[in-house]
Each structure stands twice: as structure tokens, then as C-alpha cells.
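Residue numbers (full-length UniProt numbering): 1 to 142. Glycine included, each C-beta is placed from N, C-alpha and C at the ideal position.
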């Protein structure tokens, strides 16, 4: 009888330790509200290098859908500053959808997007404190 109790306690303690280890692994790997990953697809500078359009995608997580976004940044660099971005176009990203940007003139940007995309954000103008940087945005469905 003592042997059964001894083996029973050992078995229960091993199960409890295993549950704690499994719970720890689960919690450390489970990312419910984590920051979605950002992938930059293309950057495109204007003719004078004063503004840059950036096309990027945010992956989804448990509470957000993947989105494709076009933003305008001041200056031209490979690593645009997130704090200075102005989002001008956004849409929910599904497979096979495309977005392209093209500078028509110094102050006009054309955003060409798939006709299957349904835009969430579409700004027509971007206004800065320096009026020489103001930007007009045109949209084309393809």
C-alpha cells in the first residue's frame, strides 16, 4: 500500500511539473496582442529628394487584419522615420493585391491600386507647415 502511495505522489508531482513547463512554453510563444511585423515593399523619392513615398505591409495578429499602407516621409532614406510618416492610403491586404506609387510632378503623387482593394484611408492632400512641401494625391484603379 505504501508503494502505491509513493508512486502515486511521484506521478502527480511529475505531472504538475510537466504542466508548469508546458504552460511556461505556451505563454512565452503565444503572442496574442504583439506588434504586427512591418515589411517595406518599395520606396520612391520625388524629383528633388524632399519627400518619399513608402509602400509597406503590416501583418495581422489575433486582433488586426493585414494591411497595405502608403505613407509620405520627409527626406529620402532607406530607413524612414516612423514618427514623421503621414499615412495617405491604407487597405486591407489580401493575396494578389498590388499598390504602386508614381511621382507625376514635384507636388503630385499618383497611387495606383488593384480594383479589388477596398481603401480604408484615402487622403487627397498632405499639408505641411512649410507650404512648399504640400502634396496632392491622385488615385487610379487598375
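Item: Distance, Cα to Cα, residue 17 vs residue 3?; Value: 21 Å
Item: Could you spell out the range, first to last residue, of the alpha helix (DSSP H) harbouring residue 9?; Value: 2-29
Item: State the beta-bridge partners of residue 89 as determined by DSSP.; Value: 70, 122
Item: Do residue 126 and residue 86 have their beta-carbon atoms positioned less than 7 Å apart in this structure?; Value: yes
Item: Determine which residues share a DSSP beta bridge with residue 155 and list them.; Value: Nothing about residue 155 can be reported from this structure: the residues present for the chain run from 1 to 142 only.
Item: Taking the straight line between their C-alpha atoms, what separation do you get for residue 110 and residue 51?; Value: 14 Å
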